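Those sequence lines, one after another, are chains P and X.
When we follow UniProt numbering, the leftmost residue of the first sequence carries the number 1, and every step to the right adds one.
When we follow UniProt numbering, the leftmost residue of the second sequence carries the number 1, and every step to the right adds one.
Even for Gly, the Cβ is constructed at its ideal location relative to N, Cα and C.
Bear in mind the structure is a predicted one, so any value in this text is a computation, not a measurement.
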Amino acid sequence: MADAENNNTEANERNIVKAWRAWRTAHEMVQDRGYELAEDEVKISLDAFRTQYTSIDGTVSRERMKFSARPSPEMLKKYTPPATASNPDPQPDIGTIWVEFNDDTSVGAEAMRKFAKFCSHEHYRTGMMILSGNVSSAAKKEIPKFAQWTSIEWFLEEDLLINITHHELVPRHVILSRDEKTALLKRYRLKETQLPRILQRDPVAKYFGMRRGQVVKIIRSSETAGRYASYRLCV
Amino acid sequence: MVDKPNQKELNRSREGRVKERTPTVSRFECDEAQGEWCDFTLEYDSNIPKVLMLSIVQEAVRKSLIQQIPGIRSCVYVADEKVQDAVTGEEVKRAVIHTDGVNLEAMQKYGEFINPNTIKTNDIAAVLRVYGVEAARQSIILELGGVFDGHGISVDRRHLNLIGDYMTRNGTFTPFNRNGLKGNVSPFTKMSFETTLSFLKDALLDGDWDDLTTPSGRIVMGRLGKIGTGAFDVLTRLHVKNGKNQVG
Chain P
1 MADAENNNTE
11 ANERNIVKAW
21 RAWRTAHEMV
31 QDRGYELAED
41 EVKISLDAFR
51 TQYTSIDGTV
61 SRERMKFSAR
71 PSPEMLKKYT
81 PPATASNPDP
91 QPDIGTIWVE
101 FNDDTSVGAE
111 AMRKFAKFCS
121 HEHYRTGMMI
131 LSGNVSSAAK
141 KEIPKFAQWT
151 SIEWFLEEDL
161 LINITHHELV
171 PRHVILSRDE
181 KTALLKRYRL
191 KETQLPRILQ
201 RDPVAKYFGM
211 RRGQVVKIIR
221 SSETAGRYAS
231 YRLCV
Chain X
1 MVDKPNQKEL
11 NRSREGRVKE
21 RTPTVSRFEC
31 DEAQGEWCDF
41 TLEYDSNIPK
51 VLMLSIVQEA
61 VRKSLIQQIP
71 GIRSCVYVAD
81 EKVQDAVTGE
91 EVKRAVIHTD
101 GVNLEAMQKY
111 GEFINPNTIK
121 TNDIAAVLRV
131 YGVEAARQSI
141 ILELGGVFDG
151 HGISVDRRHL
161 NLIGDYMTRN
171 GTFTPFNRNG
181 LKGNVSPFTK
191 MSFETTLSFL
201 KDALLDGDWD
211 DLTTPSGRIV
221 MGRLGKIGTG
231 AFDVLTRLHV
241 KNGKNQVG
């Protein structure tokens, strides 16, 4: 009996650590994308996390794990299209992000629709769902239906246990604004298609929420040149 | 030391139970505190055929699975291996674990024991899936370098960088062989690489053509590549009127 209880608390503890890691990586991801988050929100300690997000019986309450973040001024600037004659005051195509954890074993179309409706209703431009279970293919089909109001992204909690961009083989990725992209293409006299590519489903591209047509600057360290930049177009 | 007699008693009662269940066991002893070892003697009639223990033990081990990581077969721990630091490029001594088989996702769950940010593997597809195309490119370069270094061949890193860039230019990785080259637009480039006749045959059957813009294609036709000093012509004014011996 005591053994079973012991096993239970051990499994619980593992679950809490898992949730805490995913929570931290999600915050780092949101911060790395350029949203405003306080440093102590990102670097939450395990104990602080435990007091805040576990219920009385010691289990993680994932329904309480949710947060929103506003884009920083630099990020707004980066995502604002250049002014044209017909559109002298362009609006940035980025807005507040909403992040939610979900502990259902499988997310169906209904749950996804509810989440997307909530995000578009509350005027969140990006909605991020972090799942412990899997997503049904019907649920995935719901995502493009809401594309004009909110862009829905989903991640598996398992994939967020560690921050992949901290790996020593992953160089620094910086997303370019539209102005920087045109300047780059002009400087090297390139067509868009002549750039090397990065897939939208690439883990790092997903991490930064890259959209089709964006260019990412990759800053690598090199033995011969110290540091040098390379560019990839998101397709 | 207090629980020592207690352990002995435990051991004896366990021995009794084991002997009761399997009469062939004549002596049984095991590590009650840690569970690290177990020592027993089996007694059989002298006329019984030979017992091969190895296959029996293998079967028993398979039945009593305690923990496994799918994809990982054997592990070797090396306390101080020389590894090159990816950031500074210096050789440092670190404790590493070598595994036979790859499971990057599972390794990330063991962050308390290993540093998940320094995992390396020669499974480029796994790296691409978990860490993205840039890490895959870096792995390709490291692995290629490892192959050459292992044979004592020094190859400039810039050649390997170029190969890495070429292989990952599509966002995934294309093999650097005649299969990967199939998508190339220049038949001469493909022919100059490998299996000349097969590529020539394909080009003929498809009515393919070469506009001689690729360096390899131009070399095949005995022309200068349109790169470097071949990228331009030098034109100078000729003094036709003065005759060929006069410098004007």
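Is the CB of Glu142(P) under 8 Å away from at least one CB in chain X?
Position 142 of the first sequence, counting from 1, holds the residue named residue 142(P). Glu142(P) does not count as touching chain X.
Would you decide whether Val240(X) is buried or exposed? Buried here means 16 or more other CB atoms lie within 10 Å of its CB.
Counted from its first residue, the second sequence places residue 240(X) at position 240. Label assigned to Val240(X): exposed.
Report the option in Asp104(P), Phe146(P), Pro81(P) and Ser106(P) whose CA atom is closest to the CA atom of His121(P).
Here residue 121(P) refers to the residue found at position 121 when the first sequence is read from its first residue. Residue Phe146(P) is the option with its Cα nearest to His121(P).
Residues that His121(P) contacts on chain X, provided the C-beta gap is smaller than 9 Å
On the first sequence, position 121 is the one that residue 121(P) refers to. Residues of chain X with a Cβ closer than 9 Å to the Cβ of His121(P) do not exist; the shortest Cβ-Cβ separation is about 34 Å.
Residue from Val215(P), Ala22(P) and Pro196(P) whose Cα sits closest to the Cα of Met180(P):
In the first sequence, the residue the question calls residue 180(P) occupies position 180. Just to set this straight, residue 180(P) is Glu in the shown sequence, not Met. Checked all of Val215(P), Ala22(P) and Pro196(P); the closest Cα to Glu180(P) is Val215(P).
Excluding the 5 residues flanking Glu194(X) on each side, which residues of the same chain have their C-beta closer than 6 Å to its C-beta?
Taking the second sequence and counting its residues from 1, one reaches residue 194(X) at position 194. So the qualifying residues of the chain are Arg178.
Counted within 10 angstroms of its Cβ, other Cβ atoms place Trp37(X) as buried (16 or more) or exposed
The residue you call residue 37(X) lines up with position 37 of the second sequence. Burial call: exposed.
First through last residue of the alpha helix (DSSP H) which encompasses Pro187(X)
The sequence position of residue 187(X) within the second sequence is 187, counting from 1. Start and end: Pro187 to Phe193.
Name the chain B residues whose beta carbon is nearer than 7 Å to that of Asp202(P)?
Absent from the structure is chain B; the protein chains it does hold are P and X.
Relative to the alpha-carbon of Tyr124(P), which residue among Ala116(P), Val235(P) and Arg197(P) has its alpha-carbon at the smallest distance?
Position 124 of the first sequence, counting from 1, holds the residue named residue 124(P). When each option's Cα is compared against that of Tyr124(P), the closest is Ala116(P).
Span of the alpha helix (DSSP H) holding Arg187(P)?
The residue given as residue 187(P) occupies position 187 in the first sequence. Arg178 to Arg187 is the extent of the alpha helix (DSSP H) around Arg187(P).
Quick one: is Asn8(P) buried, meaning 16 or more other Cβ sit within 10 Å of its Cβ, or exposed?
To locate residue 8(P), count along the first sequence from 1; it is residue 8. Exposed.
Kindly indicate which residue of Gly152(X), Glu9(X), Cys30(X) and Leu42(X) has the alpha-carbon position closest to the one of Thr22(X).
Here residue 22(X) corresponds to residue number 22 of the second sequence, with the count starting at 1. If we check each option's Cα against that of Thr22(X), Leu42(X) comes out closest.
Evaluate Cys234(P) with the Cβ neighbour count: other Cβ atoms within 10 Å of its Cβ, from every protein chain shown; 16 or more gives buried, anything less gives exposed.
By 1-based counting over the first sequence, the position of residue 234(P) is 234. By the 10 Å Cβ count, Cys234(P) comes out buried.
contact_flag[the region 149-163 of chain P, the region 180-189 of chain P] where n(CB pairs < 8 Å) is 3 or more:
no
Should Glu153(P) be flagged as near chain X, meaning a C-beta pair shorter than 8 Å?
For the purposes of this step, residue 153(P) is taken as residue 153 along the first sequence, with counting starting at 1. Chain X contact via Cβ: absent.
My guess is that Ser136(P) and Asp103(P) are in contact by the Cβ rule of under 8 Å, so how many angstroms apart are they, rounded?
On the first sequence, position 136 is the one that residue 136(P) refers to. On the first sequence, position 103 is the one that residue 103(P) refers to. 16 Å between Cβ atoms; not a contact.
CB contact check: Pro116(X) to chain P, cutoff 8 Å
In the second sequence, the residue the question calls residue 116(X) occupies position 116. Yes - at least one Cβ of chain P is within 8 Å of the one on Pro116(X).
Compute the Euclidean distance between the alpha carbons of Asn163(P) and Tyr35(P), then round it to the nearest angstrom.
Here residue 163(P) refers to the residue found at position 163 of the first sequence. Here residue 35(P) refers to the residue found at position 35 of the first sequence. Near 17 Å, if we compare the C-alpha coordinates of Tyr35(P) and Asn163(P).
What span of residues does the alpha helix (DSSP H) with His159(X) cover, start to end?
For the purposes of this step, residue 159(X) is identified with residue 159 of the second sequence, where counting begins at 1. Counting along the chain, the alpha helix (DSSP H) containing His159(X) begins and ends at Arg157 to Met167.
Closer than 7 Å by beta-carbon distance: list the chain P residues that pair up with Ser139(X), in chain order.
Locating residue 139(X) in the second sequence gives position 139, counting from the first residue. Near Ser139(X) (Cβ distances below 7 Å), the residues of chain P are Leu169.
Quick check: the Cα distance between Cys119(P) and Gln148(P), rounded to an integer number of angstroms?
Residue 119(P) sits at position 119 when you count from the first residue of the first sequence. Residue 148(P) sits at position 148 when you count from the first residue of the first sequence. Computed Cα separation, rounded: 12 Å.
Just grab the DSSP bridge partners of Pro71(P) for me.
Indexing the first sequence from 1 puts residue 71(P) at position 71. According to DSSP, Pro71(P) bridges with Tyr35(P).
Closer than 6 Å by C-beta to Thr96(P): which residues in its own chain qualify, once you throw out the five before and the five after it? Chain order, please.
Residue 96(P) sits at position 96 when you count from the first residue of the first sequence. Counting only Cβ-Cβ distances below 6 Å, and skipping sequence neighbours, we find Ser68, Arg70 and Tyr124.
So which residues of chain P does Pro165(X) contact, with C-beta pairs closer than 8 Å?
The sequence position of residue 165(X) within the second sequence is 165, counting from 1. Before going further, note that residue 165(X) is Asp rather than Pro in the sequence given. In chain order: Pro196 and Ser230.
Range covered by the beta strand (DSSP E) that runs through Ala79(X)
Along the second sequence, one-based indexing puts residue 79(X) at 79. Note, Ala79(X): beta strand (DSSP E), Cys75 to Gln84.
For Ala22(P), which three-state DSSP category applies?
Taking the first residue of the first sequence as 1, we reach residue 22(P) at position 22. Looking at Ala22(P) - three-state DSSP - the assignment turns out to be helix.
Name, please, each residue of chain P whose Cβ falls closer than 9 Å to the Cβ of Arg14(X).
By one-based count along the second sequence, residue 14(X) stands at place 14. Under the 9 Å cutoff, chain P gives no residues; its nearest Cβ is about 18 Å from Arg14(X).
Report yes or no: is there a C-beta of chain P within less than 8 Å of the C-beta of Gly111(X)?
Working through the second sequence from its first residue, we reach residue 111(X) at position 111. At least one chain P Cβ lies under 8 Å of Gly111(X).
Please report the distance separating the alpha-carbon of Gly248(X) from that of Thr236(X).
Your numbering for residue 248(X) matches position 248 in the second sequence. Your numbering for residue 236(X) matches position 236 in the second sequence. Confidence is the limiting factor: at Gly248(X) the pLDDT is only 49, short of 50, which leaves the residue's position unreliable and the question unanswerable from this model.
Jot down the residue ranges of each uninterrupted alpha helix (DSSP H) in the region 38-69 of chain P, minimum 4 residues, whole runs only, in chain order.
Whole alpha helix (DSSP H) segments, 4+ residues: 39-42 and 46-53.
Residue-chain proximity (Arg158(X), chain P), Cβ-Cβ < 8 Å:
Here residue 158(X) is taken as the residue at index 158 of the second sequence, counted from 1. Judged by the 8 Å Cβ criterion, Arg158(X) is in contact with chain P.
Quick check: the Cα distance between Gly213(P) and Gln91(P), rounded to an integer number of angstroms?
Position 213 of the first sequence, counted from the first residue, corresponds to residue 213(P). Position 91 of the first sequence, counted from the first residue, corresponds to residue 91(P). So the two alpha carbons sit approximately 18 Å from each other.
Cα separation between Thr59(P) and Ile152(P)?
Along the first sequence, one-based indexing puts residue 59(P) at 59. Along the first sequence, one-based indexing puts residue 152(P) at 152. When rounded, the distance between both Cα atoms is 28 Å.
Do the region 182-192 of chain X and the region 209-227 of chain X touch if we need at least three Cβ pairs shorter than 8 Å?
The region 182-192 of chain X makes contact with the region 209-227 of chain X, as at least three CB pairs between them are under 8 Å.
Nearest-angstrom beta carbon gap, Ile119(X) and residue 255(X) [assumed within contact, 8 Å]
Given that chain X is displayed from residue 1 to residue 248, the structure contains no residue 255(X) and the question cannot be resolved.
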